[in-house]
Amino acid sequence: MTETLDPLEPLQTELLVCVKCRKGQPTPDDGSPPGQRLFDRLTETPLPAGIHVRAVACLQNCDAGCNVALRGGDRWTYVYGGLDAAIHVETLADGVIRYHATTDGLIPWRERPEHFKRNCVARIPPINHADPNQKASQ
Numbered sequence: 022m023t024e025t026l027d028p029l030e031p032l033q034t035e036l037l038v039c040v041k042c043r044k045g046q047p048t049p050d051d052g053s054p055p056g057q058r059l060f061d062r063l064t065e066t067p068l069p070a071g072i073h074v075r076a077v078a079c080l081q082n083c084d085a086g087c088n089v090a091l092r093g094g095d096r097w098t099y100v101y102g103g104l105d106a107a108i109h110v111e112t113l114a115d116g117v118i119r120y121h122a123t124t125d126g127l128i129p130w131r132e133r134p135e136h137f138k139r140n141c142v143a144r145i146p147p148i149n150h151a152d153p154n155q156k157a158s159q
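See below:
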């Protein structure tokens with residue numbers, strides 16, 4: 022059964038994990054892509070209420086995988102790459118918890134896990150983000 026989040030619930034956070042990600046390599050002999058292994062490890066990791074780990078088929082950053090996207094409520098969305106199930110599960114859990122604690126998705130630079138500082142593929146504004154080119158009403 023697929024879990025559906027209430028789009029009006031601002032305190033929810035989704036960690037989307039590309040389970041098809043092969044890190045630009047052939048599928049391993051065991052048939053389990055690195056992205057699936059990352060997803061499996063993350064779903065075994067205890068996370069606070071309101072954080073949901075979900076599988077997605079592809080985040081279109083195949084050569085720089087494994088990839089995840091982090092989104093929630095009225096927060097900025099982030100896509101991170103260069104992840105490895107063997108070494109980044111704790112880093113991801115730490116970053117997701119820090120992200121979840123924000124109201125806007127902006128983790129202060131000094132508080133971000135090191136991997137988040139160096140491997141952000143994209144930062145996408147929330148749907149209600151103000152247009153910086155429009156002047157404020159006077």
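If you read the sequence shown in the numbering used here, its first letter stands for residue 22, the second for the next number, and so on. Idealized CB from N, CA, C, for every residue including glycine. Since we're looking at a predicted model, the values are computed, not measured.
Boundaries cannot be given for V40, as no alpha helix (DSSP H) includes it and DSSP labels it neither H nor E. Here G52 is exposed: its Cβ has fewer than 16 other Cβ atoms, across all protein chains shown, within 10 Å. Counting along the chain, the unbroken beta strand (DSSP E) around A143 starts and ends at 141 to 145.
A90 and C83 have their C-alpha atoms spaced approximately 14 Å apart. The criterion of a C-beta distance shorter than 7 Å is not satisfied by R96 and E35. Non-local beta-carbon contacts of D115 in its own chain, meaning distances under 8 Å to residues more than five positions away in sequence, involve P134 in chain order. With fewer than 16 other beta carbons inside 10 angstroms of its own, L127 counts as exposed.
Excluding its 5 nearest sequence neighbours in each direction, F137 has C-beta neighbours in its own chain below 6 Å: G116, listed in chain order. Between the region 64 to 79 and the region 99 to 106 there are fewer than three inter-stretch CB-CB distances shorter than 8 Å, so the stretches are not counted as touching.
Secondary structure in the region 99 to 128: the alpha helix (DSSP H) runs of 4 residues or longer, each lying completely within the stretch, are 110 to 121 in chain order. DSSP, read as helix, strand or coil, puts R92 in strand. The Cβ atoms of C79 and C141 lie no closer than 7 Å to each other.
In the three-state DSSP reduction, T34 falls in the strand class (E or B).
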